[in-house]
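Numbering (the working numbering), first residue to last: 96 to 366.
C-beta: ideal position from N, C-alpha, C; glycine also.
Everything on this sheet refers to the single structure shown next.
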Ligand code: 6GU
């Protein structure tokens, strides 16, 4: 079933469809559901949805507001700039989604600049869940009772402030979905992800062999697979040393790789 921008109207949150039982289900609460159309309607996320590796539902929690104006925010107690998201619509939206699930401990993640930093490990952890509920925060923030009594995790995608949690939710979903079984072809195996290995990627080349006088490194044309593997490993290590030395200190290295690191360090004049 292709992904569609989905705005439910209480209480008709979609039930799990036939054929979805074993796949992951992600529910996203947002005030701007249309924002998700582009990123989820193309490429690998779309293909994953089409293949039922994941189902994604977008809910506008404004639909859960009780008053005539569908109010979702209000002034901050104690005064000060900016509006705060009210607890009722978000609690009720999450509770009605949870009712559909046969699992008690569904992770409820708030996207907020105050959350733990998103990275490969967190994506891997989330990809192992059957259900995931993401709440996109907005304005100056959310009522603290949402944090304390509804949310099980808070995630930030980096050290900068976005206008809302939507873009962050898209980043999280994209990174998680590509880790799900059967989503990537073997040629793009997740095991080779640079952050899975702890190294940045080695340089890659394709045809033509010479472009504007710039040549492809000789070793890659040699047909010697051992030499090529070694060259790539060295390049990956060198690039990581130069650009992200912090990654290398965390990486789990084989004896061979440790020796290579030391040799490259020495050659490059690192301590
Ligand atoms: Cl999750 N939300 C917002 N509003 N800003 C962010 C973020 C999230 N992650 C980094 N900046």
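- A residue is called buried when at least 16 other Cβ atoms come within 10 angstroms of its Cβ; residue 128 meets this threshold and is buried.
- When DSSP assignments are scanned along the region 255 to 316, the uninterrupted stretches of alpha helix (DSSP H) that are 4 or more residues long and fall wholly within it turn out to be 261 to 272, 289 to 292.
- Residue pairing of residue 130 in beta bridges, as defined by DSSP: absent, with no partner found.
- Residue 221 carries a helical assignment under DSSP once its states are collapsed to helix, strand and coil.
- Taking 8 Å as the cut-off, the beta carbon of residue 124 is found closer than this to the beta carbon of residue 154.
- If you look at residue 249, you'll find it isn't in any alpha helix (DSSP H); it sits in the beta strand (DSSP E) that goes 248 to 251.
- By a beta-carbon distance limit of 8 Å, residue 204 contacts residue 248. Their separation comes to about 5 Å.
- Note on geometry: alpha-carbon atoms of residue 348 and residue 189 lie some 43 Å from one another.
- Assignment of residue 243 by DSSP, reduced to helix, strand and coil, places it in the helix class.
- Excluding five sequence positions before and after residue 275, the CB atoms of its chain that fall closer than 7 Å to its own CB belong to 119, 143, 148, 149, 222, given in chain order.
- Comparing C-alpha distances from residue 186 to each of 175, 244, 131 shows the shortest one belongs to 244.
- At the C-beta level, residue 346 and residue 294 come within 8 Å of one another.
- Residues 300, 304 of the same chain have their beta carbon placed closer than 6 Å to that of residue 311, with the five preceding and five following residues left out of the count.
- Shown here, residue 348 sits in coil according to DSSP, grouped into three states, outside any helix or strand.
- When the Cα atoms are used, residue 211 and residue 250 turn out to be separated by approximately 5 Å.
- Using a C-beta cut-off of 8 Å, the region 259 to 279 makes no contact with the region 310 to 329, since fewer than three inter-stretch Cβ pairs fall below that distance.
- Checking the 7 Å criterion, the Cβ of residue 241 is out of range of every heavy atom belonging to ligand 1.
- Residue state for residue 150 is assigned as strand, using DSSP reduced to three classes.
- A straight-line Cα-Cα distance of about 25 Å links residue 156 and residue 145.
- Each of 134, 121, 122 was checked against the Cα of residue 262, and the nearest Cα belongs to 134.
- Counting of Cβ neighbours within 10 angstroms places residue 256 among the exposed residues, the total staying below 16.
- DSSP, read as helix, strand or coil, puts residue 201 in coil.
- Beta-bridge analysis with DSSP links residue 214 to no other residue.
- Note: residue 169 is bridge-paired with 179 in the DSSP secondary-structure output.
- Partner residues in the beta bridge of residue 119, as assigned by DSSP, are 149.
- Taking a contact as a CB-CB distance under 8 Å, the pair residue 270 and residue 218 counts as one, their CB atoms being some 4 Å apart.
- Taking non-hydrogen atoms of ligand 1 into account, the C-beta of residue 256 is found less than 7 Å away from one of them.
- Rounded to the nearest angstrom, the gap between the Cα atoms of residue 285 and residue 292 is 10 Å.
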